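Participant: Take this structure first; my questions come after.
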Amino acid sequence: MSITTVAPRKPWKATKKDLIPVFGALALAVLLDYAVVALTPMKGKLAYALLFFIFGAGLQMALKWRNLGRRAAIDSLAASIAITGAVLAFVPVLSLLETAIVRGFKGLYPGFFFHDMSVANYQSPLNQGGVIQAIVGTLYLIVLATLISLPLSILTALYLTEIRGRAAGFIQFLVQAMSGIPSVVAGIFIYSALLLTTSLRGSTIMAALALAILMIPTVTRTAQEVLLLVPSDLREAGVALGATQWKTVVTIVVPAARNGLITAVILGVARITGETAPLLFTLGVSNKINLNPFSGGQSALPYYVWSGLSDGTELGIDRAWSGILVLLMLVLTLFVIARVFGTRKVKTK
Amino acid sequence: MSTDNSSQPNSLAGVAAARLREPGSAPLGSGLEARGVHAWFGSHLALANVSLDFAAGTVTALIGPSGCGKSTFIRTLNRMHEFIPTAAMAGEVLLDGKDIYAPGTDVTRIRLQIGMVFQKPNPFPSMTIGENVLAGLKLAQIKYDGHKDDLLEETLSRAGLWAEVKDRLGAHAGGLSGGQQQRLCIARSLAVNPKILLMDEPCSALDPGSTLRIEDTISQLSKTMTIVIVTHNMQQAARVSDYTAFFLADGGPGQMIEVGPTNEMFSRPKDERTENYVSGRFG
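Chains as they are written, first to last, in the numbering used here: chain B, 1 to 349; chain D, 1001 to 1283.
Printed below as a string of structure tokens:
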């Protein structure tokens, strides 16, 4: 009577034996697919994909109908449609990523990350020049735009969710209207309001202001949703302990929403990092590293990509793809850092 | 549990009589006095004309069927009622003789003196057990002169939780069981040393063991503070309270039907409706 005689099982999982007919049907669908394409005038990738869906889903349905009846057959059809939908959604994303990696890889060499474009132009051989000035510029822009927009956005979200003051309806309307602003308008606004009318010239801070205009509504609306998820029990508990509303918000509501607020910032950064149009009006130009955000032109990865593409030569376009790849890597790195940094603190505290 | 007891109201009265304080024992804490309290949600009158005295150092149980305004009433006592955007009220609530709704009253000071324990345990999820207990000090920006560890031990012991959590004060509060979380919330309320403690069905989500612990805690606390407790459990009302007030809505706004010493309320209530309720004939 040993306790260990009973082995743990997962009866709800499909066994290997169950999977044989499923894969058999899929294989049959592939064969039919090839046969039909070979024997009929239907040709091309699209024909393969469409026929595979029809045969695959049909055979699975038939199999389920025979074994389990009509409801199971409908369930199988719904599952096939859902899987197809998921594949359709992923194809463009993966295709984009693949193109960026394949085409971008061509222009990459170690020096690409350490050199700037003062030693080369867009028609130089691909082992000359690099994007260090654009990486620095993009990091500057992200940090500055976040510094400008984060306090404004979080405070606006707090006003809208916690204080719900008299102007809340109007501000909500403004935030919604702002989220619809085309990015080029943000650039033109800064250009006409600050650059045309004063002696200021294009610089990092000007571009960061334009980007902040785009970032504020994204962060505000996400932060608002996240703050609304904090149970009102917690607010009541705080207030019932004799706290002011501000103390309750700072000590309880915001820490409870911490992870969501980090997501809000990530979404905001994602919104602005690839923006090119506002930069054209506000960034000035630099092909060297410029560490002063308040004066002198600056570079940025999207700007580098845009320049490479408008250069039009084969080498310029190769450079642009490499810039895109670097931008993707940079964004991915930043998001991973934000996630790790954001969640670790919650756990160890 | 309730069917068993409600058929024998006299046994409830017996329980209540057994814990009645001897007359002449010194009143402790502060008294609270509700005068003509009405409460509205929007245009709906939820509670009409409740006048009730809570003498210092007593435990008062508020009983009555669901929707009779008990919770609404208790929330008017520390100005949590106004937390609901459409809420309105009329009447006075006197703490040490002063109306807590008087113009110019600092509402945070009121809530500091009149603590509250909610129906659902609501520990702060971003804080550890220890931080939760001391959260009130931080939130109300109170300077605590003594040793914070001593305060932790003292309040957690008073809430009957010290033995269970003393080795894991740094753990997250979310890992505690429901009963432990509720006692943690009681400890959190006690840490700011309120004169009065309002408890809105504190045991409704708890198992009998945790319920008994919290009732013990209430008995201990009643030596130093005034307690008002809303409960659906009449045995609990009998076990912990000195006075019982019976609320009833009866189609209209909630009203207080009757108040009296707990043993009398359960043995010979004056109002027929109270009699029906405590004997389990309705509600």
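Beta carbons: idealized from backbone N, C-alpha and C, even for Gly. All values reported here derive from a predicted model rather than from experimental measurement.
How many angstroms separate the CA atom of D/Q1236 from the CA atom of D/A1249?
Facilitator: Cα to Cα, D/Q1236 sits roughly 22 Å from D/A1249.
Participant: Would the beta-carbon of B/A208 fall within 8 Å of that of B/L261?
Facilitator: Not a contact, by the Cβ cut-off of 8 Å.
Participant: Taking D/D1200 as part of the beta strand (DSSP E), name the residues at either end of that continuous run.
Facilitator: Here the beta strand (DSSP E) through D/D1200 covers I1196 to D1200.
Participant: Alpha carbons only, please: which of D/A1171, D/L1045 and D/I1114 is nearest the one belonging to D/E1056?
Facilitator: Note that residue 1056 of chain D is Ala in the sequence shown here, rather than Glu. It is D/I1114.
Participant: For a contact defined as C-beta to C-beta under 7 Å, what are the partners of B/T343 on chain D?
Facilitator: Near B/T343 there are no residues of chain D at all, since even the closest Cβ is about 13 Å away, more than 7 Å.
Participant: Whole angstroms are fine: how far does the CA of B/P302 sit from the CA of B/P217?
Facilitator: Those two C-alpha atoms are separated by around 21 Å.
Participant: Applying a beta-carbon distance threshold of less than 8 Å, which residues of chain B neighbour D/K1120?
Facilitator: Per Cβ cutoff of 8 Å: D233.
Participant: So B/L241 contacts chain D; which residues on that side make the cut at Cβ distance below 8 Å?
Facilitator: Going along chain D in sequence order, the residues near B/L241 (Cβ under 8 Å) are R1111, L1112, G1115, A1135, G1136, L1139, A1140, R1188, S1189 and V1192.
Participant: So, with DSSP's three-state summary, where would you put D/D1053?
Facilitator: Residue state, collapsed to three classes: strand.
Participant: Going along chain D, which residues have a C-beta under 9 Å from B/K247?
Facilitator: Near B/K247 (Cβ distances below 9 Å), the residues of chain D are T1108, K1138, L1139, A1140 and Q1141.
Participant: For B/V285, which residues in the same chain have their Cβ closer than 7 Å to its Cβ, ignoring the five residues on either side in sequence?
Facilitator: Excluding sequence neighbours, B/V285 sits near G297.
Participant: Within the 8 Å Cβ cut-off, does B/T244 reach chain D?
Facilitator: Closer than 8 Å: yes.
Participant: Quick check on B/R258 - is its C-beta less than 8 Å from some C-beta in chain D?
Facilitator: Chain D contact via Cβ: present.
Participant: Measure how close the beta-carbons of D/V1228 and D/I1100 come, nearest whole angstrom, since I'm counting them as under 8 Å.
Facilitator: In fact, because the Cβ distance is near 14 Å, the residues do not count as touching under 8 Å.
Participant: I want to verify the contact list: residues of chain B whose CB lies under 9 Å from the CB of D/N1078, in sequence order.
Facilitator: Under the 9 Å cutoff, chain B gives A240.
Participant: Using only CA atoms, which one of D/A1245, D/K1270 and D/P1208 lies nearest to D/T1060?
Facilitator: Comparing Cα positions, the closest option is D/A1245.
Participant: Would you please verify whether the beta carbon of D/P1125 is less than 8 Å from any beta carbon of chain B?
Facilitator: Yes, D/P1125 lies at the interface with chain B (some Cβ there is under 8 Å from its Cβ).
Participant: B/G316 and B/N259 - do their beta-carbons sit closer together than 8 Å?
Facilitator: Cβ distance not < 8 Å, so B/N259 and B/G316 don't count as in contact.
Participant: Does DSSP put B/A79 in a helix, in a strand, or in coil?
Facilitator: Three-state result, B/A79: helix.
Participant: Hey, would you say D/G1160 sits closer than 8 Å to D/R1183, going by beta carbons?
Facilitator: Yes; because the gap between Cβ atoms is below 8 Å, this pair is in contact.
Participant: Give a yes or no on whether the C-beta atoms belonging to D/L1134 and D/K1148 are separated by under 8 Å.
Facilitator: A contact, by the Cβ cut-off of 8 Å.
Participant: Where do the ends of the alpha helix (DSSP H) carrying D/S1235 lie?
Facilitator: One point to set straight first is that residue 1235 of chain D is Gln, not Ser, in the sequence displayed. Run containing D/Q1235: M1234 to V1240, per the alpha helix (DSSP H) assignment.
Participant: Once the 5 residues before and after D/V1240 are set aside, which same chain residues still bring their CB inside 6 Å of it?
Facilitator: So the list reads V1059, E1215 and I1218, once near-sequence residues are dropped.
Participant: In the DSSP assignment, find the beta strand (DSSP E) that holds B/M206 and state where it starts and stops.
Facilitator: Run containing B/M206: none in the beta strand (DSSP E); it sits in the alpha helix (DSSP H), T204 to L229.
Participant: Measure the alpha-carbon distance for B/L46 versus B/V269 and round it to whole angstroms.
Facilitator: Approximately 37 Å, taken between the alpha carbons.
Participant: Are the C-beta of D/F1083 and some C-beta of chain B separated by less than 8 Å?
Facilitator: Yes - at least one Cβ of chain B is within 8 Å of the one on D/F1083.
Participant: As a quick exercise: from B/A86, B/R221 and B/I154, pick the residue whose alpha carbon is nearest that of B/P255.
Facilitator: Among B/A86, B/R221 and B/I154, the Cα nearest to that of B/P255 belongs to B/I154.
Participant: Closer than 8 Å by C-beta to B/K13: which residues in its own chain qualify, once you throw out the five before and the five after it? Chain order, please.
Facilitator: Correct list: empty, nothing qualifies.
Participant: Could you check the C-alpha separation between B/N127 and B/V136 for me, to the nearest Å?
Facilitator: So the alpha carbons of these two residues sit roughly 20 Å apart.
Participant: Near D/G1179, what residues of its chain come up, given a Cβ to Cβ distance below 6 Å and the 5 sequence neighbours on each side ignored?
Facilitator: The answer, listed in chain order, is L1206 and S1210.
Participant: Skipping 5 residues on each side, what residues in its chain have a beta carbon closer than 8 Å to that of B/I142?
Facilitator: Same-chain partners within the cutoff: V269, I272, T273 and L334.
Participant: With distances taken Cα to Cα, identify the nearest neighbour of B/L28 among B/I54, B/A257, B/T99 and B/K247.
Facilitator: Nearest option by C-alpha distance: B/I54.
Participant: Could you check what DSSP says for B/E275 in three-state terms: helix, strand or coil?
Facilitator: Residue state, collapsed to three classes: coil.
Participant: Between the Cα of B/A320 and the Cα atoms of B/P21, B/A89, B/V102 and B/K17, which residue gives the shortest distance?
Facilitator: Selected option, being the one with the closest Cα: B/V102.
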